[in-house]
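Numbering (the numbering used here), first residue to last: 3 to 243.
Here it is in structure tokens:
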């Protein structure tokens, strides 16, 4: 088994360090900043910062940056299928961002919060039907507010480790990685982000991925089919439904 797939099965996430180089990061930062400016420069504070969903609607110029073979090859191994992008998004925040509450990306359609946030729940899927891959343009560190996760094995129940939406959880891991790193994680992984410690901006972008043979809809699906994507959809299965 690929060591990153092993990590994903054992901990619910894995890190691909520095898959985007300095020039790519500079170009991506310019694209995301331009999109923010076109949106009239909204505040970057609050729980998440400024959110762009779907990212490809705000910035179709980002499409080529989703075609990173190192990432897509790993996702194909994880999903055991040709990969499609089901959701694109970006978060732009600064030092005014709050602690980002613990949350998950399970498909909770028609399920109550009491069911999802139950310390005694025992259900789990046992395989990967959908994963996230987010690129941390500035890395994950104390200065920008690191990602914090509650590790879980693939066979662990979906029960949270705590019912507290803010603060530390027992058994949590703080994820540190250099700029341009990608973090892949299961939809059932509870995660949060600490507040930034220094002035500056934190840019995060990525997507949710499913196999082409998995047509189950998800509450966060947001595939963008605008005219700017027509050529990409013809050339790359990643962008097709």
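For each residue, glycine too, the CB sits at the ideal point set by N, CA and C. Bear in mind the structure is a predicted one, so any value in this text is a computation, not a measurement.
Residues of its chain near residue i, where Cβ-Cβ distance is below 7 Å and the 5 sequence neighbours each way are ignored
i	result
residue 159	123, 124, 125, 126
residue 143	178
residue 238	69
residue 165	119, 121
residue 230	62
C-beta contact flag for residue i and residue j at 9 Å
i	j	result
residue 187	residue 86	no
residue 73	residue 18	yes
residue 150	residue 196	yes
residue 208	residue 91	yes
residue 205	residue 93	yes
residue 58	residue 228	yes
residue 95	residue 198	yes
residue 120	residue 88	no
Alpha carbon of residue i to alpha carbon of residue j, nearest angstrom
i	j	result
residue 183	residue 148	13 Å
residue 98	residue 71	35 Å
residue 225	residue 54	13 Å
residue 221	residue 189	12 Å
residue 116	residue 62	38 Å
residue 42	residue 60	12 Å
residue 52	residue 37	11 Å
residue 217	residue 27	33 Å
residue 6	residue 47	33 Å
residue 236	residue 167	42 Å
residue 65	residue 234	8 Å
residue 84	residue 214	6 Å
residue 21	residue 102	25 Å
residue 219	residue 30	29 Å
residue 13	residue 154	5 Å
residue 105	residue 194	7 Å
residue 4	residue 138	22 Å
residue 113	residue 8	30 Å
residue 232	residue 176	40 Å
residue 32	residue 223	26 Å
Backbone secondary structure at residue i - three-state DSSP
i	result
residue 118	helix
residue 50	coil
residue 38	helix
residue 176	strand
residue 226	coil
residue 188	strand
residue 28	helix
residue 21	coil
residue 211	strand
residue 206	strand
residue 234	helix
Cut-off 8 Å between Cβ atoms - residues of its own chain near residue i, not counting five sequence neighbours on either side
i	result
residue 2	The shown model of the chain, from 3 to 243, leaves out residue 2, and the question about it has no answer.
residue 133	10, 77, 80, 81, 186, 187, 188, 189, 210, 211
residue 129	156
residue 50	93, 95, 99, 102
residue 108	118, 160, 189, 190
residue 180	19, 20, 141
Cβ neighbours of residue i in the same chain (closer than 6 Å, five flanking residues each side left out)
i	result
residue 152	163, 171, 174, 192
residue 156	11
residue 146	140, 198, 204
residue 136	185, 206, 208
Practice task
Would you list, in sequence order, the uninterrupted beta strand (DSSP E) runs of no fewer than 3 residues that lie entirely inside the stretch 59 to 129?
Solution key: 85 to 96, 102 to 105
Handout entry: Entirely enclosed beta strand (DSSP E) segments - the stretch 133 to 163, minimum 3 residues
Key = 133 to 138, 149 to 152
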